[in-house]
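Participant: Protein sequences appear in the order of chains B and E.
Numbering follows this note's numbering, in which position 91 of the first sequence is assigned residue number 91; successive positions increment by one, without gaps.
Residues are numbered in this note's numbering as their position in the second sequence, beginning at 1, plus a constant of 322.
Where a beta carbon is used, it is the ideal one built from N, C-alpha and C, also for glycine.
The structure displayed is predicted, hence computed values, not measured ones.
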Amino acid sequence: MKKKLVMLGLLAGVAALSMLLTACGQDETTKKKLVVGFSQIGAESAWRTANTTSIKDEAEKRGMALKFSDAQQKQENQIKAIRSFIAQGVDVIAFSPVVETGWEPVLKEAKRAKIPVILSDRSVEVSDPSLYVTFIGSDFVEEGRRAGQWLAETTGGKAQIAELVGTPGAAPAIDRKKGFEEVIAEYPEMQIIKSQSGDFTRAKGKEVMEAFLKSPEGNTITALYAHNDDMALGAIQAIEEAGKKPGKDIVIVSIDGVRGAFEAMVAGKLNCTVECNPLIGPQLFDVIENITDGKEVAKRVVSEEGVYDQTQAAKALPKRKY
Amino acid sequence: MVIVKLLKLQTRYIPLLATASVFAILYSIGLASFSHFGSLRVFVNLLGDNAFLGIAAIGATFVILSGGIDLSVGSVIACTSILMATLLEKGWVPATVISMALLFGICFGAAMGCLIHCFALPAFLVTLAGMFFARGLGFIIHPQALGINHPFFLNTIGDNLAIRLPHGVEFPFTASCFVVALLVAMAIAHMTVFGRNVYAVGGNEQAAKLMGVRIGSAKLMIYTLAGFFSALAGVVFTFYMQSGNPASCVGLELDAIAAVVIGGTLLSGGVGYLAGTFLGILVLGLIQTLITFHGDLNTWWTKIVIGMLVLVFILLQNLVTTMTKKGIAQ
């Protein structure tokens with residue numbers, strides 16, 4: 001008798017669970033609708049969340065079925081998700097790899113199943129580039145060049161620059177430095193006099209800028225180049241605390257184009273931000289449509305990005321999604 | 323008398339049957355909701371994708387059966403994987419690298435077992451220390467993810483050792499490792515003196531001692547075996563990822579413990595089956611697969627469902643334990 005009770009209780013528990021799952025499970029019989037599987041790294045930053053929203057919105061707009069999977073920052077989850085996409089027979093797989101290595105086996109599997117793979121935002125290291133169709137994402141070197149170009153034009157080619165570098169070894173830090181230095185090299189009166197890592201964070205950006213200002217060359221700094229907006233926002237605090245006017249005494253240019261940067265520009269404390277656009281949904285789905293229509297697709301698609309200064313900031317601010 | 327015995331025998335199997343029915347129900351939900359769910363590929367993925375977690379859970383089953391706990395599993399896997407990638411990068415031969423990795427796990431487990439027994443320290447704390455130690459060690463060996471380009475890993479493991487099945491499906495080598503490890507572990511648990519000792523120590527350490535079980539050597543063996551399975555999980559993880567990453571598998575030991583509990587093993591020790599753990603792993607994998615197939619559900623639901631299942635099974639175990647006691651009393 002009691003055994004029956006136990007079994008009943010258990011069945012009730014399981015039934016509750018299954019109801020939860022079935023309630024959410026829809027029938028997948030709708031044919032001909034293009035099915036796209038997207039494996040996202042996670043939801044670690046506002047930038048990433050904006051990226052996710054952009055992709056989800058665009059899929060809905062174009063009437064495509066999107067299988068979206070959040071990998072919770074774990075590569076093994078991404079591999080599992082991609083395998084599941086293959087098993088489901090999706091038409092196209094896209095993913096933002098959490099790390100560069102270890103993708104060969106699963107991409108081979110996708111290739112054998114004849115499912116095209118698109119890399120979004122970050123690239124992978126594979127021995128055979130035919131394992132993916134294209135890589136859509138920002139060109140970090142170009143972002144650095146644009147920041148340099150803007151600074152050269154604004155200062156008339158004369159500046160003593162302090163540089164806040166991103167996390168050492170990270171691709172955006174290496175490339176943004178490279179692009180910026182390329183442009184600066186053409187202007188003999190522009191020099192980087194201080195350069196140190198601020199780890200892409202606001203707190204570290206502030207700390208390093210404080211050290212810059214206290215150093216013997218501190219008073220000669222006329223411009224600041226930060227590899228991302230967060231470090232620039234931290235540095236702005238440090239500059240204010242040192243009794244200087246950010247945006248006037250020291251011209252500041254940074255990269256990313258987050259909301260906080262636009263707010264700082266409206267307040268006159270930041271001069272320029274070079275956009276690093278997470279809203280690649282429309283471009284991604286253009287590429288997906290081209291692939292499914294059998295059209296040629298470039299191996300590298302650079303995301304569309306703008307440069308914003310104070311004159312455009314107030315107008316652009318309400319429209320910023322991240 | 324006979325009826326009481328029969329009842330006892332059957333109550334012992336209730337958790338196992340429950341796990342099997344959960345699996346069956348989840349699988350039917352998948353079949354009913356998604357058109358490709360019944361394909362062979364989905365089932366093979368279930369084994370291949372969860373092989374490293376499964377092997378880790380085998381080790382955890384032995385430890386939990388003996389009434390202990392091992393929190394170092396995830397860190398040992400990460401540490402083994404980055405050790406292997408680094409040694410291969412330096413030009414070592416794969417066979418040596420794999421042996422070194424397994425040896426590392428055995429020594430690590432033995433050291434923890436030694437500390438637990440000789441100084442009568444709680445397993446929770448010793449393996450917690452082990453967890454931090456192995457995680458740190460991994461980052462010291464190499465601070466970032468490191469790819470493996472050795473042809474043995476890319477071609478032999480990835481392609482040649484995979485078993486070709488119909489419909490273009492491949493049974494990956496990692497899945498074969500899992501199945502073999504499971505069979506060997508079952509043989510150890512149910513057919514050897516050591517296996518019986520594990521159950522005895524977990525059931526009642528004092529009674530086991532009085533029966534003449536050498537508790538010290540048994541515990542040492544249990545943690546050594548667990549260390550070996552953690553390292554084996556690390557090796558299979560490295561096969562699976564074709565890279566080493568010191569930051570990987572954070573909290574994996576908790577997934578392994580969840581699989582063991584869902585598989586019907588009592589956390590207090592002495593009762594449980596490896597077959598249950600196997601079913602537990604399949605259930606965990608199935609939940610993840612269902613959520614990915616659905617495609618619109620936040621993947622964090624996986625954790626919520628696992629949490630609910632663990633709770634249901636702990637309640638069930640509680641019931642079974644009281645029933646067994648009453649059965650004996652009668």
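1. When you compare only the Cα positions, how much space is there between L164 of chain B and F441 of chain E?
2. Check the Cβ-Cβ distances between L468 of chain E and every residue of chain B, and say whether any is below 8 angstroms.
3. Write down the C-beta distance between L327 of chain B and A94 of chain B rounded to the nearest angstrom, noting that I regard them as a contact closer than 8 angstroms.
4. Looking at the structure shown, is D229 of chain B part of a helix, part of a strand, or coil, going by DSSP?
5. Tell me the DSSP secondary structure of E182 of chain B in three-state form.
6. With H, G and I counted as helix, E and B as strand and the rest as coil, what does DSSP make of S539 of chain E?
7. What's the call for F446 of chain E, buried or exposed, on a 16-neighbour Cβ count within 10 Å?
8. At what residues does the alpha helix (DSSP H) containing Y308 of chain B begin and finish?
9. Ordered along the chain, which non-local residues of its own chain (more than five positions away) have a Cβ less than 8 angstroms from that of P465 of chain E?
10. Enumerate in chain order the residues of its own chain whose CB-to-CB distance from N290 of chain B is below 8 angstroms, with the five nearest sequence positions on each side excluded.
11. What did DSSP end up calling K248 of chain B once you bin it into helix, strand or coil?
12. To the nearest angstrom, report how far apart H489 of chain E and L362 of chain E are at their CA atoms.
13. Entirely within the region 137-198 of chain B and at least 3 residues each: give me those beta strand (DSSP E) ranges in chain order.
14. Report the three-state DSSP secondary structure of C272 of chain B (helix, strand or coil).
15. Quick one: what does DSSP say I404 of chain E is sitting in, helix, strand or coil?
16. Report the rounded CA-to-CA distance for S394 of chain E versus A378 of chain E, giving the unit in angstroms.
17. So, is the C-beta of F180 of chain B closer than 8 angstroms to a C-beta in chain E?
18. Go through its chain and collect everything with a Cβ distance to A152 of chain B's Cβ below 7 angstroms, but skip five positions before and after it.
19. What three-state label does DSSP hand V126 of chain B in the structure shown?
20. Looking only at C-alpha atoms, which of E:S590, E:A484, E:R486 and E:F475 sits nearest to V520 of chain E?
21. In the DSSP assignment, find the alpha helix (DSSP H) that holds K204 of chain B and state where it starts and stops.
22. Is there a C-beta anywhere in chain B that falls below 8 angstroms from the one on R518 of chain E?
23. Output the distance between the C-alpha atoms of V385 of chain E and F356 of chain E, rounded to the nearest integer angstrom.
24. If we ignore side chains and look at the alpha-carbon of each, how far apart do V642 of chain E and Q332 of chain E end up?
25. Quick check: the Cα distance between E411 of chain E and I470 of chain E, rounded to an integer number of angstroms?
26. For my contact list, G586 of chain E and G594 of chain E are in at a C-beta cut-off of 8 angstroms; report their separation, rounded to the angstrom.
27. So which residues of chain B does V523 of chain E contact, with C-beta pairs closer than 7 angstroms?
28. Below 8 angstroms between beta carbons: does that hold for G205 of chain B and M231 of chain B?
29. By Cβ distance, which residues of its chain are closer than 7 angstroms to V583 of chain E, with the 5 residues on each side in sequence left out?
30. Three Cβ pairs or more, each shorter than 8 angstroms: is that satisfied between the region 344-360 of chain E and the region 527-539 of chain E?
31. Which first and last residues belong to the alpha helix (DSSP H) in which K108 of chain B is found?
32. Figure out for me which residue from B:G148, B:V141, B:D57 and B:A113 has the closest Cα to the Cα of I174 of chain B.
33. Taking Cβ-Cβ distances shorter than 7 angstroms, what residues in chain B pair up with S552 of chain E?
34. Report the three-state DSSP secondary structure of T383 of chain E (helix, strand or coil).
35. What are the uninterrupted segments assigned as beta strand (DSSP E) that are 3 or more residues long and contained completely in the region 455-487 of chain E, given in chain order?
Facilitator: Considering the structure as presented:
1. The alpha-carbon of L164 of chain B is positioned some 51 angstroms away from that of F441 of chain E.
2. Yes, L468 of chain E counts as interfacial toward chain B.
3. The structure shown does not extend to residue 327 of chain B, since chain B is modelled only from 1 to 322, so the question has no answer here.
4. Helix.
5. DSSP places E182 of chain B in helix when its eight states are reduced to three.
6. The answer is helix: DSSP assigns S539 of chain E an H, G or I state.
7. Taking every protein chain shown into account, the CB of F446 of chain E has fewer than 16 other CB atoms within 10 angstroms, so this residue is exposed.
8. Per DSSP, Y308 of chain B lies in no alpha helix (DSSP H) segment; the continuous beta strand (DSSP E) that holds it begins and ends at V307 to D309.
9. Within its own chain, the residues whose Cβ lies closer than 8 angstroms to the Cβ of P465 of chain E, once the five positions on either side in sequence are excluded, are P568, listed in chain order.
10. For N290 of chain B, where only same-chain residues beyond five positions count, the Cβ hits under 8 angstroms are E296 and V297.
11. Note: K248 of chain B maps to coil in three-state DSSP.
12. About 8 angstroms.
13. If only uninterrupted beta strand (DSSP E) runs of at least 3 residues are considered, those enclosed by the region 137-198 of chain B are 159-165 and 190-197.
14. If DSSP states are grouped into helix, strand and coil, C272 of chain B belongs with the strands.
15. DSSP places I404 of chain E in helix when its eight states are reduced to three.
16. Each residue's Cα considered, the two are about 10 angstroms apart.
17. No, F180 of chain B lies away from the interface with chain E (no Cβ there is under 8 angstroms from its Cβ).
18. Excluding sequence neighbours, A152 of chain B sits near V183, Y187 and M190.
19. Judged by DSSP in its simplified three-state form, V126 of chain B adopts coil rather than helix or strand.
20. Considering only alpha carbons, the answer is E:S590.
21. Taken as a continuous stretch (DSSP letters only), the alpha helix (DSSP H) holding K204 of chain B covers R202 to K214.
22. Contact of R518 of chain E with chain B is not assigned, every C-beta pair being separated by 8 angstroms or more.
23. Between V385 of chain E and F356 of chain E, the C-alpha separation is close to 38 angstroms.
24. So the two alpha carbons sit approximately 10 angstroms from each other.
25. Roughly 7 angstroms separates the two Cα atoms.
26. Beta-carbon to beta-carbon, G586 of chain E and G594 of chain E are separated by about 6 angstroms, close enough to satisfy the 8 angstroms threshold.
27. Correct list: empty, because the minimum Cβ distance to chain B is about 28 angstroms.
28. For G205 of chain B and M231 of chain B, yes; Cβs fall inside 8 angstroms.
29. Cβ within range, chain order: L589, V632, F635 and I636.
30. No contact exists between the region 344-360 of chain E and the region 527-539 of chain E.
31. Its alpha helix (DSSP H) spans residues E104 to R112.
32. Closest in alpha carbon position to I174 of chain B, among B:G148, B:V141, B:D57 and B:A113, is B:V141.
33. Result: empty, since nearest Cβ-Cβ is about 16 angstroms, beyond 7 angstroms.
34. When DSSP states are grouped into helix, strand and coil, T383 of chain E belongs to the helix group.
35. Listed in chain order, the beta strand (DSSP E) elements of length 3 or more contained wholly in the region 455-487 of chain E amount to none.
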